[in-house]
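Residue numbers (our numbering): 254 to 909.
Cβ coordinates follow ideal geometry from the N, Cα and C atoms, glycine included.
Contents: one structure, followed by commentary.
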Ligand code: WTA
């Protein structure tokens with residue numbers, strides 16, 4: 254029976270794809286949408302690219318400014334300045350502005366903890382907490398421009414700390430709570446953070462992960478850190494160090510809830526967020542104040558079709574850019590009710606997400622393909638247990654969504670009523686660059702559809718000429734947009750090199766793409782040595798360096814392999830030092846080592862011990878061949894340029 258059903262569903266998917274079916278929004282959705290038709294989108298888009306400065310100036314009226322800008326855009330490629338001369342404040346826009354309206358006691362953050370506890374902060378309450386913590390920061394001598402590192406679980410204090418930083422002009426650098434102590438250390442050292450906010454521990458599937466002791470280890474070699482503030486989340490026993498460490502609840506007690514917002518210049522740094530690149534050293538992506546805020550504000554409205562009465566839920570972790578832009582800044586600046594969830598999709602049971610949708614009557618739900626695939630595998634009976642009728646719009650982010658997952662999401666979760674917005678963007682872009690606008694467009698499963706107003710994507714061949722329809726190429730962005738990164742922290746040369754050297758003047762995304770005969774975009778994945786694991790970017794070099802840093806390893810090469818749930822997994826070829834035996838138990842050790850060096854997300858899924866890697870005569874590893882081996886295929890193509898072609902047969906024979 255189950256088999257029959259599976260065959261049936263496969264057939265449906267095949268036929269839907271074969272006919273290239275499009276899914277139009279319902280009339281009801283369309284009529285109420287912020288942008289209602291393709292004509293309306295096209296008009297807006299055409300205007301945005303014909304007169305970008307005029308367009309963005311008009312949009313910028315949606316924000317609150319202490320001082321209006323003198324110029325909209327100064328573009329000295331690759332350096333952009335948006336709204337020079339303007340003064341604003343992010344926390345003021347996300348909080349204070351709403352307090353004079355009926356939203357004062359509307360829920361701003363609805364928080365659901367992993368164990369099932371919950372807390373709700375209205376705009377008024379959130380404002381009070383943010384002001385209090387901003388005062389705490391000031392007392393600990395954090396001033397405008399100082400960096401503050403946040404290494405925390407998904408608890409309300411994280412959002413409070415972020416907004417408090419923006420209130421006084423401190424630059425936050427959030428390090429995902431799943432990163433190891435060593436990864437934290439590198440990021441603190443690079444940013445020169447003065448203060449760290451962490452928690453005793455975090456919950457992960459009922460287990461407690463010790464964040465404070467990770468922080469202790471990291472901070473012991475980070476002389477820039479003067480104070481550490483610790484939220485008690487899990488009642489883990491921790492060691493508090495004399496003058497340096499303070500409990501959140503102690504420092505907040507009795508603190509004043511009044512803190513005037515600092516008038517920030519448009520281009521003042523807002524946050525640094527580290528992301529993986531093609532070298533071993535993560536890149537500190539720097540976003541600034543006004544342009545970023547405007548961009549996440551407008552894209553939240555356009556893409557998520559946000560309405561006053563919506564309850565909106567983005568399931569990302571705030572440790573990644575999606576959480577920054579679409580849990581905190583975008584939704585709050587629009588005055589939305591934003592859900593923040595501490596746990597994972599399938600703990601304690603595979604219906605955790607759907608229980609929350611039902612509990613809060615979620616209208617807009619934004620998640621990642623990897624989560625959809627994981628839940629899908631557990632069966633349709635789990636969503637069937639819950640009332641999902643509140644949902645009206647679904648979203649996807651992080652990697653291309655495969656048609657099977659798309660159709661399941663559409664049918665089983667959205668009940669064929671809810672448009673799906675497949676949003677393409679990056680840490681560097683600040684906000685969504687390519688996505689359907691749900692009331693305006695018919696949606697094709699697997700296509701991210703059209704550029705957001707103001708965004709000019711083109712797809713280029715190696716020689717810089719533009720591709721034709723359905724021809725793959727490099728995705729680049731031709732014109733600056735307000736949300737773009739401004740530089741890499743303390744490394745403008747690398748910024749230029751990575752993003753603006755291949756096609757000078759154009760932003761190079763690192764992704765491959767094509768557009769179809771109707772002009773819709775299809776993303777094809779990374780074209781560099783970055784692997785997208787569960788929607789998270791892992792640089793192969795980082796994992797290779799981690800492996801090689803272990804005593805037993807002589808050389809390592811890491812390539813992607815197909816993975817049912819994660820999309821891509823990591824396949825590591827490891828050459829052991831001469832006197833080391835190839836024992837299975839070593840694999841476990843090496844996985845644990847990578848986990849310690851970077852974090853559990855970077856653990857190789859498979860490790861193959863090899864005697865040699867396929868190299869050209871000049872000594873360059875031919876990754877193309879390793880990818881074939883890792884993906885379980887046989888045809889390695891032309892191997893004649895290899896120094897020793899027989900290596901390939903041995904690799905194929907020993908593959909795991
Ligand atoms: C990939 C996450 C296809 C892409 C917001 C990009 C996607 C990288 C999509 C950025 C999508 C993200 N379709 N691919 N809808 N969204 N990607 O910086 O390869 O963590 O370059 O930002 O994820 O990952 P990042």
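Residue i: CB within 8 Å of a non-hydrogen atom of ligand 1
i: residue 676; result: yes
i: residue 764; result: yes
i: residue 573; result: yes
i: residue 681; result: yes
i: residue 817; result: no
i: residue 240; result: Nothing can be reported for residue 240: it is not among the residues displayed for the chain, which extend from 254 to 909.
i: residue 652; result: yes
i: residue 810; result: no
i: residue 726; result: no
i: residue 702; result: no
i: residue 649; result: yes
i: residue 789; result: yes
i: residue 528; result: yes
i: residue 779; result: yes
i: residue 655; result: no
i: residue 776; result: yes
i: residue 785; result: yes
Check whether residue i and residue j have beta carbons under 9 Å apart
i: residue 489; j: residue 439; result: no
i: residue 516; j: residue 341; result: yes
i: residue 911; j: residue 444; result: Absent from the structure is residue 911, since the part of the chain shown begins at 254 and ends at 909.
i: residue 656; j: residue 675; result: no
i: residue 282; j: residue 646; result: yes
i: residue 475; j: residue 441; result: yes
i: residue 245; j: residue 785; result: The question about residue 245 has no answer here: the residues shown for the chain are numbered 254 through 909.
i: residue 807; j: residue 796; result: no
i: residue 384; j: residue 509; result: yes
i: residue 664; j: residue 818; result: no
i: residue 540; j: residue 559; result: no
i: residue 477; j: residue 446; result: yes
i: residue 834; j: residue 762; result: no
i: residue 764; j: residue 728; result: yes
i: residue 614; j: residue 643; result: yes
i: residue 435; j: residue 851; result: yes
Simplified DSSP assignment, three categories, for residue i
i: residue 867; result: coil
i: residue 635; result: helix
i: residue 480; result: strand
i: residue 467; result: helix
i: residue 558; result: coil
i: residue 887; result: coil
i: residue 878; result: helix
i: residue 375; result: strand
i: residue 605; result: helix
i: residue 475; result: coil
i: residue 421; result: helix
i: residue 655; result: coil
i: residue 255; result: Residue placement at residue 255 is flagged as unreliable, the pLDDT there being 47, under the threshold of 50; the coordinate-derived value follows with that caveat. The answer is helix: DSSP assigns residue 255 an H, G or I state.
i: residue 898; result: coil
i: residue 643; result: coil
i: residue 346; result: helix
i: residue 724; result: coil
i: residue 518; result: strand
i: residue 511; result: coil
i: residue 775; result: strand
i: residue 393; result: coil
i: residue 617; result: strand
i: residue 334; result: strand
i: residue 567; result: strand
Residues bridged to residue i [DSSP beta-bridge criterion]
i: residue 282; result: None, per the DSSP bridge assignment.
i: residue 824; result: 812, 859
i: residue 450; result: 403, 482
i: residue 540; result: 524
i: residue 677; result: 687
i: residue 789; result: 786
i: residue 710; result: 730
Near ligand 2: residue i beta-carbon under 8 Å from a heavy atom
i: residue 851; result: Absence of ligand 2 from the depicted structure is noted, with ligand 1 being the only ligands included.
Beta-carbon separation (whole angstroms), residue i vs residue j, contact threshold 8 Å
i: residue 482; j: residue 409; result: Contact flag wrong, Cβ pair sits at about 15 Å.
i: residue 595; j: residue 430; result: With a Cβ gap of about 10 Å, residue 595 and residue 430 do not count as contacting.
i: residue 592; j: residue 427; result: About 19 Å; that fails the 8 Å criterion.
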